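Counting from 1 along the sequence shown, just add 5 to a position and that's the residue number in my numbering. What follows is one structure encoded as structure tokens, with my remarks underneath.
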Amino acid sequence: MVQKERTRQILGHMETLLFVAFYGLIFFEFSRALLREPSAPNAIYLFDQTLILCFLLFRRRAHLVTERPLDFVLAAAGTLLPMLAQPASGGSVIPPIFCTALMIVGLLIHLSAKLSLRRRFGVIPAARGVKSSGAYRLVRHPMYLGYMIVELGLFLDGPQLWNAAVFALHWMLFHYRMVAEERVLRLNPEYEAYCERTRYRLVPGLY
6 MVQKERTRQI
16 LGHMETLLFV
26 AFYGLIFFEF
36 SRALLREPSA
46 PNAIYLFDQT
56 LILCFLLFRR
66 RAHLVTERPL
76 DFVLAAAGTL
86 LPMLAQPASG
96 GSVIPPIFCT
106 ALMIVGLLIH
116 LSAKLSLRRR
126 FGVIPAARGV
136 KSSGAYRLVR
146 HPMYLGYMIV
156 ELGLFLDGPQ
166 LWNAAVFALH
176 WMLFHYRMVA
186 EERVLRLNPE
196 YEAYCERTRY
206 RLVPGLY
């Protein structure tokens with residue numbers, strides 16, 4: 006039991022250190038781009054990643070964490086991947102105002118989910134309590150939906166092959182993370198009851 010607790014602590018510290026290191030990279034890239042040319046989508050994306058860092062640093066410690074190494078690796082990768090995105094550099098395929106609006110909507114969705122979770126927010130699949138109110142009344146993973154909308158807005162503001170690859174892989178990992186998280190959470194009977202009430206994972210009526 007002591008060894009498992011120590012392992013959880015080590016994984017938690019590794020998660021935080023990796024996130025801070027990658028955040029430094031994206032902060033440098035996007036700040037430099039914003040100094041060259043102010044851009045609402047780039048500013049929103051940097052703010053978006055800063056929010057995630059803040060919630061991660063002040064999250065509640067989980068009482069039940071996945072013990073599968075692959076879960077840890079892919080969950081961490083799914084969080085770090087967006088920080089490899091490059092700033093949009095113009096050439097928007099739709100009016101820039103719509104890209105900005107799209108990103109704001111996505112940010113509000115996942116911020117709403119984070120505010121519902123508060124310190125339950127985390128990266129590694131873990132049990133930090135069941136939340137079924139707010140955005141979680143509509144879908145089981147509203148935070149991921151918000152992330153996807155934000156990333157779509159940045160991509161449309163200046164399509165790049167690199168960002169397309171980063172976001173496509175990120176969206177693929179979302180599915181794995183949802184399954185991994187639910188595998189841990191379903192050990193709690195309360196979560197099973199929540200799933201019966203809230204059928205869809207990501208988009209109401211679709212998935």
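Glycine residues also receive a C-beta, built at the ideal position from the N, C-alpha and C atoms. Owing to the predicted nature of the structure, the values given are computational and were not obtained by experimental measurement.
- Rounded to whole angstroms, the separation of the alpha carbons of Y196 and R188 is 10 Å.
- Residue state for N193 is assigned as coil, using DSSP reduced to three classes.
- Close CB contacts of L56 within its chain, under the 6 Å cut and outside five residues either way in sequence, are absent.
- Rounded to the nearest whole angstrom, the C-alpha separation of P194 and S44 is 47 Å.
- The beta carbon of W176 sits closer than 7 Å to the beta carbons of M153 from its chain, once the five residues preceding and following it are set aside; these are given in chain order.
- By the 16-neighbour rule on beta-carbons within 10 angstroms, M19 is exposed.
- Taken atom to atom, the span from the alpha-carbon of L75 to that of H180 is near 14 Å.
- Membership of I49 in the alpha helix (DSSP H) is indicated by the continuous run A45 to L62.
- I49 is not a Cβ neighbour of M88, given a cutoff of 7 Å.
- Closest in alpha carbon position to V208, among E201, A81 and L143, is L143.
- In the assembly as shown, Y212 is an exposed residue. Its beta-carbon has fewer than 16 other beta-carbons within 10 Å.
- Sequence-distant partners of G151 (beyond 5 residues in either direction) whose C-beta falls short of 6 Å from its own C-beta, in its chain, are G111, I114 and H115.
- The three-state reading of DSSP puts V25 in helix, counting H, G and I together.
- In the displayed model, S117 falls within a helix according to three-state DSSP.
- With fewer than 16 other beta carbons inside 10 angstroms of its own, F63 counts as exposed.
- If you draw a straight line from the Cα of V184 to the Cα of Q165, it comes to about 29 Å.
- Taking C-beta separations shorter than 7 Å and ignoring five residues to either side along the sequence, the partners of H146 in its chain run M183, R206 and L207, following chain order.
- Distance between Y28 and G95, taken at the CA atoms: about 23 Å.
- Check the Cα spacing between L22 and each of T105, F172, T84 and R191: the tightest is with T84.
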